[in-house]
């Protein structure tokens, strides 16, 4: 049961990153899966100001954290995207990992640009 919760939290974390990058990019990302779109839209709506490169690092809102925690997606979809040039150009990975940590979500090593 703990593994299922951990996997769900990981998926939510990764969706946060994907949503922010996808919404900033304009044209559809090749990493987006149709099954992820609703969660991506919700994450972008509630969390974009916390993960964009522009602006200061700030604690995420409770709405952002709820969205991160409730999101459901395919882990490989998001992890693949996080390693892409598109994500690195649009997102502050430092802010992304800060937000997920503040929301109680753990991102595993090797996902995107996280090393440990």
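Numbering (mature numbering (1 follows the signal peptide of the UniProt record, and there is no 0)), first residue to last: -23 to -1, 1 to 93.
Note that beta-carbon positions come from the ideal geometry of N, C-alpha and C, so glycine has one too.
If you're wondering where the values come from, they're calculated on a predicted model, not measured in any experiment.
Residue 86 classed as buried or exposed, judged by whether at least 16 other C-beta atoms fall within 10 angstroms: Counting from 1 along the chain shown, the entry for residue 86 is found at position 109. So residue 86 counts as exposed.
Backbone secondary structure at residue 46 - three-state DSSP: Looking up residue 46 in the chain shown gives position 69. If DSSP states are grouped into helix, strand and coil, residue 46 belongs with the helices.
Cross-strand partners of residue 29 (DSSP beta bridge): Locating residue 29 in the chain shown gives position 52, where the first residue counts as 1. According to DSSP, residue 29 bridges with 68.
Integer-rounded CB distance, given that residue 28 should sit under 8 angstroms from residue 61: In the chain shown, residue 61 corresponds to position 84, counting from 1. In the chain shown, residue 28 corresponds to position 51, counting from 1. Rounded, the Cβ-Cβ distance is 15 angstroms, inconsistent with contact.
Closest Cα partner of residue 76 within the set 39, 15, 88: Here residue 76 refers to the residue found at position 99 when the chain shown is read from its first residue. The shortest C-alpha separation from residue 76 is found at 39.
CB contact flag (residue 78, residue 34, <8 angstroms): Within the chain shown, numbered from 1, the residue matching residue 78 stands at position 101. Within the chain shown, numbered from 1, the residue matching residue 34 stands at position 57. Not in contact: residue 78 and residue 34 (Cβ atoms no closer than 8 angstroms).
Coarse secondary structure for residue 38, derived from DSSP in three states: Here the question's residue 38 lines up with position 61 in the chain shown. Three-state DSSP puts residue 38 in coil, outside helix and strand.
Pairwise C-alpha distance: residue 47 and residue 74: Locating residue 74 in the chain shown gives position 97, where the first residue counts as 1. Locating residue 47 in the chain shown gives position 70, where the first residue counts as 1. Rounded to the nearest angstrom, the two C-alpha atoms are 17 angstroms apart.
Cα-Cα separation between residue 42 and residue 80, rounded to whole angstroms: By 1-based counting over the chain shown, the position of residue 42 is 65. By 1-based counting over the chain shown, the position of residue 80 is 103. Distance between the alpha carbons of residue 42 and residue 80: 5 angstroms.
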